[in-house]
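Okay, structure first, notes after.
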Amino acid sequence: MKLQNRTVVVTGGGSGIGRACAIKCAEEGANIIIADINEEGASETEKLIQAAGRNALACKTDVSDPSSVASLVEKTIQQYGKVHALINSAAIQVNKTVEDTSFEEWNRQMAINVGGIFLCSKLFLPHLKASRGNIVSLSSVNGFFVEPACAGYCATKAAIIGLTKAMAIDHGHEGVRVNCICPGYIDTGLAEGYFQIQADPAKARAEAGKLHALWRIGKAEEVAQVAVFLASDDASFVTGSAYVVDGGFGSGMPPK
Ligand SMILES: NC(=O)c1ccc[n+]([C@@H]2O[C@H](COP(=O)([O-])OP(=O)(O)OC[C@H]3O[C@@H](n4cnc5c(N)ncnc54)[C@H](O)[C@@H]3O)[C@@H](O)[C@H]2O)c1
1 MKLQNRTVVV TGGGSGIGRA CAIKCAEEGA NIIIADINEE GASETEKLIQ AAGRNALACK
61 TDVSDPSSVA SLVEKTIQQY GKVHALINSA AIQVNKTVED TSFEEWNRQM AINVGGIFLC
121 SKLFLPHLKA SRGNIVSLSS VNGFFVEPAC AGYCATKAAI IGLTKAMAID HGHEGVRVNC
181 ICPGYIDTGL AEGYFQIQAD PAKARAEAGK LHALWRIGKA EEVAQVAVFL ASDDASFVTG
241 SAYVVDGGFG SGMPPK
């Protein structure tokens, strides 16, 4: 077991990639805190983990709200005493060009996707330093290879790569590793939201698969197993890295 008796906090753990990370970490022996603004989704993840005989606690959290994150930290320490890994998966995606994006939409997306990682990292860092723990954040291939009509989202995902590297060099000497993952299209909430606003969602989904060298979109579990690797001692010399898990999406256009 790669995470036996460790405590892992997963933001956005109520759905998609975050839920898959929470479940995989629990399978590897970790105690889990599921932090999500969607209470129902978080408690569903909690039930799935508990049904498999592992420890999990759902904690309703808005990662963009400092007092909500402070309360998450308090509950984590109350419940498990320590924290060894923070997996930041919470995000939203505004599918618009800059011209069409309102100032409120821009600010909200920044506050959740980047501000949430800032706040959770800031408030968990004292505990991560004590445990010589680590941070794994979900960026995206869109952090360096952009697509149309999601300008603000792409900006947040690029910011996460910068923030990851900056935190890695600031806190490496304190024993804290910081990495991020850059997935291609994954069959979960944000990609599905994008497909649903296209004229023909099924066609858009099929075409998205063909953008990947492997000719398919990925599964949440395929991202989660990389998150487990990064959160575990197997990655003891890995920090400041943006781990690409994209089925070859960023390598170029595959043959039709
Ligand atoms: N699905 C993809 O194709 C894909 C590709 C690349 C990167 N990613 C990244 O992976 C992560 C997860 O994506 P997903 O597809 O699983 O999305 P999802 O929508 O299934 O899950 C996101 C979760 O974040 C939660 N959330 C939203 N706002 C929040 C807030 N303010 N506070 C706390 N929780 C909040 C939602 O309730 C939801 O449970 C995101 O960071 C996303 O950018 C996804």
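Using full-length UniProt numbering, the first residue of the sequence shown is number 1, and each one after it goes up by one.
The beta-carbon is built from N, C-alpha and C at its ideal position, and this holds for glycine as well.
Within 8 Å, strictly: CB atoms of residue i and residue j
{"i": "isoleucine 186", "j": "isoleucine 17", "result": "yes"}
{"i": "tyrosine 153", "j": "glutamine 93", "result": "yes"}
{"i": "lysine 2", "j": "aspartate 200", "result": "no"}
{"i": "serine 121", "j": "leucine 72", "result": "no"}
{"i": "arginine 177", "j": "valine 238", "result": "yes"}
{"i": "asparagine 95", "j": "isoleucine 197", "result": "yes"}
{"i": "valine 83", "j": "glycine 116", "result": "no"}
{"i": "alanine 231", "j": "valine 8", "result": "yes"}
{"i": "lysine 75", "j": "cysteine 59", "result": "yes"}
Residue i (DSSP reduced to helix, strand or coil)
{"i": "isoleucine 217", "result": "coil"}
{"i": "lysine 24", "result": "helix"}
{"i": "valine 238", "result": "coil"}
{"i": "serine 232", "result": "coil"}
{"i": "valine 136", "result": "strand"}
{"i": "asparagine 55", "result": "coil"}
Residue i, buried or exposed, once every other Cβ within 10 Å from all chains shown has been counted against 16
{"i": "aspartate 36", "result": "buried"}
{"i": "glutamine 109", "result": "buried"}
{"i": "isoleucine 169", "result": "exposed"}
{"i": "arginine 19", "result": "buried"}
{"i": "arginine 6", "result": "buried"}
Closest Cα partner of residue i within the set the options
{"i": "proline 183", "options": "Glu147, Gly247 and Gly14", "result": "Gly247"}
{"i": "alanine 242", "options": "Asp65, Asp62 and Phe144", "result": "Phe144"}
{"i": "valine 10", "options": "Pro66, Thr45 and Leu214", "result": "Thr45"}
{"i": "serine 236", "options": "Ile112, Asn179, Glu207 and Gln225", "result": "Asn179"}
{"i": "glycine 252", "options": "Val226, Ala52, His212 and Gly240", "result": "His212"}
Subject >> alpha helix (DSSP H) runs contained entirely in the segment 151-194, provided each spans 4 or more residues >> reply: For the segment 151-194, the full-length alpha helix (DSSP H) segments reaching 4 residues or more read 151-171 along the chain.
Original post:
What runs of the alpha helix (DSSP H), each 4 residues or longer, lie entirely inside the segment 63-118?
Top reply: Taken in chain order, the whole alpha helix (DSSP H) runs of length 4 or more contained in the segment 63-118 are 66-80 and 103-113.
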